[in-house]
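Inspection log for the structure reproduced underneath, given as structure tokens.
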Amino acid sequence: MTTIKREPKAQEQSTTAHPEYLPESAQGEREQEREERNPGIPLDLGWLREVRVNRSAVERRAATLPTRRTVKREWQAAWLLRAITCLDLTTLAGDDTPGTVRRLCAKARRPVRSELLEALGVPEERIQVAAVCVYHNLVPVAVAALRGTSIPVAAVSTGFPAGQIALEQKLAEIAASVRAGAREIDVVISRAHVLTGNWQALYEEVRAFRAACGEAHMKTILATHELATLRNVGMASLVCMMAGADFIKTSTGKEAVNATLPVGLVMVRAIRDYYERTGYRVGLKPAGGIRSAKTALDWLILMKEELGDEWLNNRLFRIGASGLLSDIERQLSYFVTGHYAAAHYNPLV
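Numbering (the working numbering), first residue to last: 14 to 362.
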């Protein structure tokens with residue numbers, strides 16, 4: 014596991030997390046300042062033609078972002094707790110069982126050990142994950158396991174991960190997940206529409222997904238590694254937002270390369286452009302390969318530097334991950350005790 018360097022703790026140093034970046038209560042994080050969802054706008058091909066991406070400049074900016082802000086000690090603890098509340102705790106394996114999902118949901122309800130939160134000065138009820146993400150057939154299991162909490166169930170849909178099924182099947186899958194109790198739907202786009210420049214087809218597809226989702230929030234997965242160029246990533250991001258996406262998401266987690274900061278930078282710049290032109294905020298969800306607390310901090314820094322504090326909450330930022338939570342808990346344990354806990358103290362399931 015990746016470890017985060019930290020200065021030796023002075024004897025008198027407090028172990029409480031800094032209050033400025035502590036998350037709100039789990040429910041409050043979702044409810045406060047509830048704003049209008051992005052309804053989408055008509056497809057604007059002229060806007061797409063304006064998109065330009067300088068790959069070298071993007072890579073330079075992405076490389077320097079993690080060094081622009083040093084997060085240590087109580088600040089680091091607070092940022093890591095916020096990362097937990099922005100986490101879509103995920104299991105999308107071929108060997109998933111109802112038992113696996115129930116154990117994951119138990120961890121979602123209590124993601125950090127009580128004694129650590131007490132030492133950090135944070136009430137347990139303030140720390141829950143943002144959602145639990147599972148395959149469609151396991152949605153009822155997750156819904157039952159999370160009953161009595163404010164944690165929503167997210168379902169991957171539309172022929173995840175490849176999306177190579179008919180549109181009618183995709184829409185039926187979304188509707189079935191919503192009926193089963195999923196309050197968030199992670200859809201995959203048809204990459205062929207992007208690669209062939211058929212923006213009208215992509216717009217109509219995502220628009221249909223949004224209609225099928227109804228009140229359920231829609232996260233649109235671009236599978237950026239399969240889109241060939243960063244300019245395609247930028248244009249696809251805009252089209253999905255024009256079609257009504259609540260979030261744009263980097264990856265399925267099944268590609269050869271998943272969430273990277275250069276791709277994330279292009280996507281957040283598209284989000285900022287869309288907000289400045291329309292007044293609607295859209296969220297970002299990096300997913301795939303985010304396993305260390307250090308990487309989670311890099312993504313939080315990206316959001317703060319490019320979009321500001323307004324996006325540092327689970328209404329507008331999510332991290333899709335499976336193993337990340339264990340490393341975050343490990344880092345919090347080190348902050349409190351000065352020692353890394355053994356792996357069996359931080360089991361995921």
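A virtual CB, placed ideally from N, CA and C, is assigned to each residue, including glycine.
Rounded Cβ spacing between residue i and residue j (contact assumed at less than 8 Å)
i	j	result
V66	R244	5 Å
E323	L78	About 18 Å; that fails the 8 Å criterion.
G301	N271	2 Å
L93	A306	6 Å
A91	L345	Not confirmed; about 10 Å, so no contact.
CB contact flag (residue i, residue j, <9 Å)
i	j	result
T291	T263	no
V147	L117	yes
Y11	P52	Past the boundaries of the shown model lies residue 11; the chain is included only from 14 to 362, so the question cannot be answered.
A175	V201	yes
W312	G266	no
M255	D57	yes
D199	R50	no
L184	F222	yes
R196	H230	yes
P165	A193	no
L337	L329	no
L102	V145	yes
G316	V281	Sequence inspection shows Met at residue 316; the Gly mentioned does not correspond to that position. Cβ atoms of M316 and V281: closer than 9 Å.
A96	L274	no
L406	V84	Residue 406 cannot be examined here, being either before or after the span of the chain that is shown, 14 to 362.
I332	R81	no
I140	P299	no
G257	R220	yes
V207	L235	yes
I261	G296	yes
Residue(s) in a DSSP beta bridge with residue i
i	result
K232	D199, F260
L278	According to DSSP, which records beta bridges pairwise, L278 is partnered with nothing at all.
A168	V147, I198
A91	Looking at the DSSP assignment, A91 forms no beta bridge with any residue, so it has no partner.
A334	L102
Helix, strand or coil at residue i according to DSSP, with G and I counted as helix
i	result
Q344	helix
T103	strand
E46	Because the pLDDT at E46 is just 47, under 50, the model does not fix this residue reliably, and the value given afterwards should be weighed accordingly. Note: E46 maps to coil in three-state DSSP.
A354	coil
L297	strand
V125	coil
A179	coil
E186	helix
K85	coil
R285	helix
A141	According to the sequence displayed, residue 141 carries Gln and not Ala. In this structure, Q141 counts as coil in the three-state DSSP scheme.
T51	Here residue 51 is Asn; the residue named in the question, Thr, does not match the sequence. DSSP places N51 in coil when its eight states are reduced to three.
R65	coil
I97	helix
T110	coil
E239	helix
F173	coil
E268	coil
G41	Bear in mind that a pLDDT of 49 at G41, under 50, signals an unreliable position, so the number given afterwards is only what the model happens to contain. It is helical.
S250	helix
P153	helix
S136	This sequence places Pro at residue 136; Ser is not what is there. In this structure, P136 counts as coil in the three-state DSSP scheme.
S305	coil
L325	coil
L159	coil
L56	coil
R73	helix
N211	coil
Other residues of its chain near residue i: CB distance less than 6 Å, five sequence neighbours each side excluded
i	result
Y353	R343, Y347
A283	G247, S250, L251
E44	Caution applies to E44, whose pLDDT of 49 falls short of 50 and renders its modelled position unreliable; the value that the coordinates give is listed next. There are no such residues.
R115	A158
E46	Low per-residue confidence applies at E46: pLDDT is 47, beneath 50, and the placement is therefore not dependable, though the value from the model is reported in the following sentence. Closer than 6 Å at the Cβ level, and outside the excluded window around E46, lies no residue.
Cutoff 8 Å; reference residue i; Cβ partners in own chain excluding five residues on either side
i	result
A188	A225
G227	V191
E129	Rather than Glu, the amino acid found at residue 129 in this sequence is Leu. The residues are E342, L345, S346, V349.
R123	E137
L61	W212, M248, L251, V252
L215	I202, S203, H206, V207, A249, V252, C253, A256
Sequence-distant residues of the same chain with beta carbon closer than 7 Å to residue i, five excluded per side
i	result
V152	V166, A168, S190, A193, G194, A195
E239	R204, E268
T171	K183, E186, I187, V200, V201, F222
E131	none
Proximity test, Cβ basis, 9 Å: residue i and chain B
i	result
Y216	Here there is only one protein chain, and chain B is not present.
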